[in-house]
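Notes follow the structure.
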C-alpha cells in the first residue's frame with residue numbers, strides 16, 4: 001500500500017484559540033487565518049467535503065432512465081446515473097483501468113459509458129461490460145472477478161425528499177441524523193406541492209477569489225442586506241412606484257427585515273435566516289395559503305407563505321426561498337478560490353405567473369473578494385461576531401416553538417450573528433477530529449517504521465549472540481537469500497540460477513543447512529567462532545504493499561577471528577511480511593561492497 005500522505009498540522013496545536021466563544025466576556029470572534037491557511041483547507045477538503053455528507057444534486061436533474069449528471073464530492077469527480085430500472089447510482093467518474101474521466105459533459109443520457117482512453121465499456125450501474133481487444137490479452141486470473149474492475153461506488157449515497165447527498169466515508173451517520181432539525185425546513189419547501197420540486201432549466205455558475213466559508217456564512221447574513229443589496233432594493237421599490245401593475249412582482253427587498261425575523265443555528269453546522277415579508281401577497285404560493293392552513297395548520301402555513309427562508313445545509317448548499325427560490329451550491333477550488341452554481345427551483349405544477357416571481361433575484365460577489373484580500377493582512381486578525389449577543393437565546397425562541405423547531409441557538413433579529421457560532425463550533429470540532437486523525441495516521445506510520453527498525457536490530461542481535469534458532473525464525477519457509485558476485489567490469493551478477501553468487505539459497509532450507517553445520521562445531525570455516533558486531537544505518541522504507549514492506553539499509557559488520565579485526569560493509573534490501581505477530585523475511589538481497597574476502601564470508605557477517 002502506498003504511504004498515506006499526512007497533512008502537516010504541527011502549527012495547529014492551538015487550534016482552539018482561533019475561535020473565541022466566551023459568553024462570560026461577551027467575546028465572539030473568528031481568527032482570519034481560518035480563511036487563508038492551506039493546511040486547514042486540506043483538512044476541510046479531506047474531512048468535511050470528502051469525509052462527511054455533502055449535497056450533490058436534486059433527483060429532478062436526473063429525471064429519465066439512463067440520464068446521468070456529473071458533479072464533485074470535494075476533489076473527486078462523480079457520476080450520478082439513473083439506470084434502466086430507474087435506480088439512482090453514484091459512482092466515481094474515473095475508469096477503473098487507468099483513471100481517465102468517463103463522462104465529460106455535465107449531463108446526458110447513456111445506457112453505457114465507453115472510456116475514450118482505452119475503450120473499456122461500463123453500464124450505467126457501474127459494471128464493466130467489456131474491454132477492448134480481449135482475445136490473447138493475457139490478463140491475470142484475477143482480472144475482472146467479483147466486480148474487481150467495476151466502477152467504484154460512492155461509499156454513502158442517500159436521498160432526502162429529492163435532495164441527493166453523498167460521502168466518500170462509509171462510516172458517516174445516516175443522512176437524516178446529519179440533517180437533523182434542518183429537515184423541517186426542507187419539508188416546508190418541498191411540501192408546497194404534492195408532486196415535490198423541480199429544477200428549472202438553466203443555471204448560473206461563477207467563481208470568486210475567496211475562501212468557501214465566505215459563502216457558507218454570507219447566505220445567512222442578514223446584516224449585509226441593506227448595504228450590499230441596497231441597489232436591488234431601490235430597483236424593486238422604483239418598479240412598484242412606477243407601475244401599479246407589477247408584472248414581475250418580485251418580493252420587496254426595501255422592507256426586508258423591518259417586519260421581524262431572526263436566525264437559527266443547528267447541529268452539524270446547518271443554519272437558517274428567516275424574515276417576515278412586507279408583501280406576502282406577492283409570494284408565488286400566496287394563492288394556496290388557505291389550503292396550507294387546512295393541511296399543515298396555521299403556524300406552519302404562516303412559515304411557508306409569510307416568511308423567507310435561507311437554509312444552509314453545511315457545508316456546501318443553500319436552499320433559498322426568499323427574493324427568488326434557489327439552490328446555491330458552493331465548491332472549493334483552492335483556499336482562496338470558490339465556485340458557486342445557482343439553480344432555480346419551484347413546486348411542480350406551479351402557475352406561470354407565480355413561477356416568474358420566483359426568478360427575480362439579487363446577487364453579491366465583490367465583497368467576498370474584498371474580504372479575502374483583507375484577510376491577507378496580519379495587523380487586524382479577527383472577525384467579530386458579537387452582534388446580537390445580548391439577546392441571543394440558547395435553544396428555540398417563540399417563532400421556533402410555534403412549529404416544534406429545536407435550534408441550539410436563536411437570534412431574534414435578522415442581523416444577529418449568533419447563528420455563525422453554531423456553524424463555526426461544528427467547523428472547529430470537525431477540524432479538531434481531523435487533526436487528531438492525521439496525528440494518529442502519522443503515529444501509525446512512525447510505529448510502522450519503528451517496527452521495521454526494531455526487527456532489523458533484533459535480527460542483527462541474534463547473529464551477534466549466535467542465537468541461531470531465533471535467527472531462523474525471522475525467515476519465512478519460502479524466504480530467498482541472495483548475495484550476488486561482482487564481475488570483472490565491476491557489475492553485479494543478475495541471475496543466481498545461471499551466474500555466480502557469493503551466497504544463494506532459494507528458500508529457508510539452505511539457511512537451516514548452514515546453521516546445522518555451524519552448530520555441529522565441526523565446520524572448519526567456523527572454528528574458532530567469529531565474534532561480530534552488526535551496525536545498521538540509513539534505514540529506508542521503499543515500498544508498502546498491504547502487510548509487506550520493502551526496506552533498504554546500509555550495514556557494516558566488524559568481526560574478530562584469529563586475533564585479527566576485519567570489516568565488511570554493504571547494502572541490504574529485505575521484503576518483510578508484517579501480517580503476523582512475528583514478522584517474517586520473505587526475501588533478503590545483500591550487496592557486499594568490499595568483496596576482497598579474507599578466508600571466508602558467511603551468513604553471520606551479513
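In full-length UniProt numbering, the protein residues as written are 1 to 606. Glycine residues also receive a C-beta, built at the ideal position from the N, C-alpha and C atoms.
- Query: For residue 592, does the three-state DSSP call read helix, strand or coil?
  - Reply: Within the chain shown, the letter at position 592 stands for residue 592. The answer is strand: DSSP assigns residue 592 an E or B state.
- Message: Tell me whether the stretch 449-463 and the stretch 414-430 touch, counting them as touching only if at least three CB pairs, one residue from each stretch, are closer than 8 Å.
- Response: no
- Message: Given a cut-off of 8 Å on the beta-carbon distance, is the pair residue 178 and residue 268 in contact?
- Response: If you number the chain shown from 1, residue 178 lands on position 178. If you number the chain shown from 1, residue 268 lands on position 268. The answer is yes: Cβ separation under 8 Å.
- Determine, using beta carbons only, whether residue 55 and residue 211 come nearer to each other than 8 Å. For the purposes of this step, residue 55 is taken as the residue at position 55 of the chain shown. For the purposes of this step, residue 211 is taken as the residue at position 211 of the chain shown. Cβ atoms of residue 55 and residue 211: not closer than 8 Å.
- Query: Does the stretch 474-483 come close enough to the stretch 538-556 that 3 or more CB-CB pairs lie under 8 Å?
  - Reply: no
- Item | Beta bridge counterpart(s) of residue 545 as assigned by DSSP | Here residue 545 corresponds to residue number 545 of the chain shown, with the count starting at 1. Residue 545 pairs with 548.
- Could you tell me whether the stretch 20-38 touches the stretch 381-390, using the rule of 3 or more Cβ pairs below 8 Å? yes
- Message: Can you check which of these residues, 573, 535, 529, is closest to residue 564 by C-alpha distance?
- Response: Taking the chain shown and counting its residues from 1, one reaches residue 564 at position 564. The candidate whose alpha carbon is nearest that of residue 564 is 529.
- Excluding sequence positions up to five away, which residues of its chain have a Cβ less than 7 Å from the Cβ of residue 192? Translated into positions along the chain shown, residue 192 becomes position 192. Correct list, in chain order: 285, 304, 347.
- Taking 8 Å as the threshold, find out whether the stretch 478-488 comes into contact with the stretch 577-597 through three or more Cβ pairs. yes
- Cβ-heavy atom distance, residue 517 to the ligand SAH, below 7 Å: The ligand content of the structure shown is nil, which means the ligand SAH is not present either.
- Task: Measure the alpha-carbon distance for residue 299 versus residue 164 and round it to whole angstroms.
- Result: Mapped onto the chain shown, residue 299 falls at position 299. Mapped onto the chain shown, residue 164 falls at position 164. The alpha-carbon atoms of residue 299 and residue 164 are separated by roughly 28 Å.
- Message: I'd like the list of long-range same chain contacts for residue 463, defined as Cβ closer than 7 Å, with 5 residues on each side in sequence excluded.
- Response: Along the chain shown, one-based indexing puts residue 463 at 463. Once the five neighbours on either side are set aside, the close Cβ partners of residue 463 are 471, 532, 534, 604.
- Query: From residue 600 to residue 537, what distance separates their C-alpha atoms?
  - Reply: Taking the first residue of the chain shown as 1, we reach residue 600 at position 600. Taking the first residue of the chain shown as 1, we reach residue 537 at position 537. Between residue 600 and residue 537, the C-alpha separation is close to 24 Å.
- Item | Assigned exposure category for residue 8 - 16 Cβ within 10 Å defines buried | Residue mapping note: residue 8 aligns to position 8 of the chain shown, counting from 1. That one is exposed.
- Tell me which same chain residues have a C-beta within less than 8 Å of the C-beta of residue 314, skipping the five on either side of it? Mapped onto the chain shown, residue 314 falls at position 314. Correct list, in chain order: 216, 268, 269, 270, 271, 423, 426.
- Since residue 383 is in the beta strand (DSSP E), which residue starts that stretch and which ends it? Within the chain shown, numbered from 1, the residue matching residue 383 stands at position 383. Here the beta strand (DSSP E) through residue 383 covers 382-384.
- So what's residue 7 in DSSP terms, helix, strand or just coil? Start at 1 with the first residue of the chain shown, and residue 7 comes out as number 7. If DSSP states are grouped into helix, strand and coil, residue 7 belongs with coil.
- Query: When the Cα atoms are used, what is the spatial distance from residue 296 to residue 275?
  - Reply: For the purposes of this step, residue 296 is identified with residue 296 of the chain shown, where counting begins at 1. For the purposes of this step, residue 275 is identified with residue 275 of the chain shown, where counting begins at 1. Roughly 20 Å between the two C-alpha positions.
- Message: Residues in the same chain with beta-carbon distance under 8 Å from residue 78, minus the five sequence neighbours each way, listed in chain order, please.
- Response: On the chain shown, residue 78 is found 78 positions in, with the first residue counted as 1. Closer than 8 Å at Cβ, skipping near neighbours: 56, 70, 71, 72, 90, 91, 92, 93, 154, 166.
- Item | Closest Cα partner of residue 410 within the set 493, 104, 397, 593 | Sequence index remark: in the chain shown, residue 410 carries index 410 (1-based). The shortest C-alpha separation from residue 410 is found at 397.
- Message: Tell me the residue span of the beta strand (DSSP E) that contains residue 327.
- Response: In the chain shown, counting from the first residue as 1, residue 327 sits at position 327. Counting along the chain, the beta strand (DSSP E) containing residue 327 begins and ends at 325-334.
- Message: Please list the terminal residues of the continuous beta strand (DSSP E) segment that includes residue 67.
- Response: One-based indexing of the chain shown puts residue 67 at position 67. Where residue 67 is concerned, the enclosing beta strand (DSSP E) stretches over 67-73.
- Query: Which partner residues of residue 391 appear in the DSSP bridge assignment?
  - Reply: Taking the first residue of the chain shown as 1, we reach residue 391 at position 391. Paired residue(s): none; residue 391 is not in a bridge.
- Query: For the alpha helix (DSSP H) that contains residue 177, what are its first and last residues?
  - Reply: Counting from 1 along the chain shown, the entry for residue 177 is found at position 177. Note, residue 177: alpha helix (DSSP H), 175-179.
- Message: If you measure between the beta carbons of residue 412 and residue 393, is that distance less than 8 Å?
- Response: As a first step, residue 412 is located in the chain shown; it is residue number 412 there, counting from the start. As a first step, residue 393 is located in the chain shown; it is residue number 393 there, counting from the start. Yes, these two residues count as a Cβ contact at 8 Å.
- What number of angstroms, rounded off, separates the C-alpha of residue 403 from the C-alpha of residue 159? By 1-based counting over the chain shown, the position of residue 403 is 403. By 1-based counting over the chain shown, the position of residue 159 is 159. Those two C-alpha atoms are separated by around 24 Å.
- Query: Mind checking residue 307: buried by the 16 CB within 10 Å criterion, or exposed?
  - Reply: Against the chain shown, residue 307 aligns to sequence position 307. Per the 10 Å Cβ criterion, buried.
- Message: In the DSSP assignment, the beta strand (DSSP E) including residue 198 goes from what residue to what residue?
- Response: As a first step, residue 198 is located in the chain shown; it is residue number 198 there, counting from the start. 197-199 is the extent of the beta strand (DSSP E) around residue 198.
- Taking only the alpha-carbon atoms, compute the straight-line gap between residue 401 and residue 184 and give it to the nearest angstrom. Reading the chain shown from its first residue, position 401 is the one you call residue 401. Reading the chain shown from its first residue, position 184 is the one you call residue 184. So the alpha carbons of these two residues sit roughly 12 Å apart.
- Message: What does the alpha-carbon distance come out to for the pair residue 560 and residue 461?
- Response: For the purposes of this step, residue 560 is taken as residue 560 along the chain shown, with counting starting at 1. For the purposes of this step, residue 461 is taken as residue 461 along the chain shown, with counting starting at 1. Those two C-alpha atoms are separated by around 16 Å.
- Item | Reference residue 502; option with closest CA among 508, 406, 520, 606 | Here residue 502 refers to the residue found at position 502 when the chain shown is read from its first residue. The residue with the shortest Cα to Cα distance from residue 502 is 606.
- Task: With DSSP as the reference, label residue 433 as helix, strand or coil.
- Result: Here residue 433 corresponds to residue number 433 of the chain shown, with the count starting at 1. It is helical.
- Message: If we require 4 or more residues per run, which alpha helix (DSSP H) segments fall completely within the UniProt domain "Rieske" (53-134)?
- Response: none
- Message: Using the Cβ count rule (16 or more neighbours within 10 Å means buried), how would you classify residue 251?
- Response: Numbered from its first residue, the chain shown carries residue 251 at position 251. Model confidence at residue 251 stands at a pLDDT of 48, short of 50, so the residue's coordinates are unreliable; what they give is reported in the following sentence. Buried is the call here.
- Item | Residue interval of the alpha helix (DSSP H) (run including residue 625) | Residue 625 is absent from the model: the chain starts at 1 and stops at 606.
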